[in-house]
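Below is one structure, written out as structure tokens; comments come after it.
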Amino acid sequence: MPELPEVETIVRGLRQPLVGRRITVVRLGKTDFMDDPAALERDVPGCRIEEVTRHGKFIVMRLSPRNENSAVEGLLVHLGMTGHLSVTRAEEPVVNHTHAFFALDNGRELRYTDSRRFGRMGVFEKAALEQVLAPLGHDPLEVTRSDFAKRLAGRRSRIKAMLLDQRVLRGVGNIYADESLWRARIHPARLASSFTPQQVKALHRAIADVLKQAILWRGSSISNFRDADGEPGEYQLRHRAYGREGRPCFRCKVKIRRIIVAGRSSFFCPRCQRAPRNSGIQTKRKSTARKS
DNA sequence: CGTTGAACCTGTTTGC
DNA sequence: TGCAAACAGGTTCAAC
């Protein structure tokens, strides 16, 4: 569910109800996806939420220390595949798989729900928080074309794998990788280092355009994504490749195909997005021409 | 270095 | 209808 546009949508919806509020009580359910559940219960009550921001797919709630002995800097949340945050009245019925409750000083409650528990949650001091975020690559909405080109040329991997690598670009996931590649007319199994300057330019632009559009439409609701107010996004109605196996390409009418690249379903148009010569399908030949 | 497959865990959809 | 398999927005790690 949650890639950059979905996380951005959630963050925007959380700012109004959360910024300026003080957290009074923390209650936890299952904690196997949390960094240090005891620290959450011990250190977060009394803190005030100063700011809610997004770094790639991470949500950071910057906290004011509750006293001079506290070094708490922020609450970090990653939604994984099925994570969700919402702010409700404290007496609202609790939906299944709700694993964290943060009572607020106005009688409302921030709740975290995550059926698969692939998410992540923790409270961190400044240095530790920076350590978690440091490996993340460029913001895909801000990276310059030349920086983007450098990253692509720097390594010899398939473009799909690169787009999913959060150390290269932070925030792109399976849906928006496929949507961007469709727009740029690039096959997901192509080696990024083989691109022409025109292809680099097209992909750089496609990524930013797709993400911006998706944010405007408040994200993609494939099965259960909901914004902070419980409303679904609408960008799934505008997908051109993802999830469209067997349906006609919007440009050329050829049927969209699904293959596995980088271990993930990858949807593409076999006509608009030409396959690389020597990739994707088996063809394991003993190569003797390996130089080093 | 880079790729693949499995693992983490639960729910939903698809196929026979 | 019923049950099993396949699949799912993410990340990480071992093995090759």
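If you're matching positions, the first sequence starts at 1 in the working numbering and goes up one per residue.
Beta carbons: idealized from backbone N, C-alpha and C, even for Gly.
Here the structure is a predicted model, which is why all the values come from computation and not from measurement.
Taking one C-beta from the segment 245 to 263 and one from the segment 34 to 49 each time, how about it: are there three or more such pairs within less than 8 Å?
With contact defined as three or more Cβ pairs closer than 8 Å, the segment 245 to 263 and the segment 34 to 49 are not in contact.
Could you tell me the distance, in whole angstroms, from the CA atom of I49 to the CA atom of M162?
Each residue's Cα considered, the two are about 35 Å apart.
Cβ-Cβ distance between R170 and H204 below 8 Å
Between R170 and H204, the C-beta spacing is not below 8 Å.
Give the DSSP-derived three-state secondary structure of D114 in the structure shown.
Three-state DSSP puts D114 in a strand.
What's the call for A192, buried or exposed, on a 16-neighbour Cβ count within 10 Å?
So A192 ends up on the buried side.
For R89, which residues from the same chain have a beta carbon less than 8 Å from its beta carbon, with the 5 sequence-adjacent residues on both sides left out?
Answer for R89: G107, R108 and E109, listed in chain order.
Helix, strand or coil at G13 [DSSP, three-state]
Collapsing the DSSP output to three states places G13 in a helix.
Rounded to whole angstroms, what is the Cα-Cα separation between L129 and R277?
Answer to the nearest angstrom: the Cα atoms are 44 Å apart.
Are I259 and Q236 close, meaning C-beta to C-beta below 8 Å?
Remark: C-beta atoms of I259 and Q236 do not approach each other more closely than 8 Å.
Same chain, Cβ closer than 8 Å to G80, neighbours up to 5 away in sequence not counted:
Only residues of its own chain outside the window of five on either side were considered, and among them P2, F33, D114, R116, R117, F118, G119 and R120 have a CB closer than 8 Å to the CB of G80, listed in chain order.
For A184, which residues from the same chain have a beta carbon less than 7 Å from its beta carbon, with the 5 sequence-adjacent residues on both sides left out?
Excluding positions up to five away in sequence, the list reads Q199, A202, L203 and A206.
Counting C-beta neighbours from all protein chains within 10 Å, is the total for S265 16 or more, i.e. buried, or is it exposed?
With fewer than 16 neighbouring CB atoms inside 10 Å of its own CB, S265 falls in the exposed class.
In the DSSP assignment, find the unbroken alpha helix (DSSP H) run with V210 in it and report its ends.
DSSP places V210 inside the alpha helix (DSSP H), whose first and last residues are P197 to L216.
Buried or exposed: where does S146 fall if 16 or more other Cβ atoms within 10 Å of its Cβ makes it buried?
Around the beta-carbon of S146, fewer than 16 other beta-carbon atoms lie within 10 Å, marking it exposed.
How many whole angstroms separate the CB atoms of R271 and C252, which I take to be in contact at a CB cut-off of 8 Å?
Between C252 and R271 the Cβ distance is about 5 Å, and since that is below 8 Å, they are a contact.
With DSSP as the reference, label A100 as helix, strand or coil.
Note: A100 maps to strand in three-state DSSP.
Just the C-alpha distance for T196 and R257, rounded to the nearest angstrom, thanks.
About 24 Å.
Alpha-carbon spacing of V172 relative to A241, whole angstroms:
Those two C-alpha atoms are separated by around 15 Å.
Given a cut-off of 8 Å on the beta-carbon distance, is the pair I59 and V26 in contact?
No, the Cβ-Cβ distance between I59 and V26 is not below 8 Å.
Could you have a look at V132 and say whether DSSP puts it in helix, strand or coil?
Reduced to three states, the DSSP call for V132 is helix.
Contact check, P188 vs K160, beta carbons under 8 Å
Result yes, Cβ atoms of P188 and K160 sit closer than 8 Å.
Let's test the definition: count the other Cβ atoms within 10 Å of the Cβ of P140 and tell me whether it reaches 16, buried, or not, exposed.
P140 counts as buried, since at least 16 other C-beta atoms from the protein chains shown sit within 10 angstroms of its C-beta.
Could you pull out every residue in the same chain whose Cβ sits closer than 6 Å to the Cβ of T53, ignoring the five residues on either side in sequence?
Cβ within range, chain order: V60.
Whose CA, out of E73, L181 and L63, lies closest to the CA of K126?
Of E73, L181 and L63, the smallest CA-CA separation from K126 is found for E73.
Endpoints, alpha helix (DSSP H) assigned at G83
For G83, no alpha helix (DSSP H) encloses it; the enclosing beta strand (DSSP E) starts and ends at G83 to R89.
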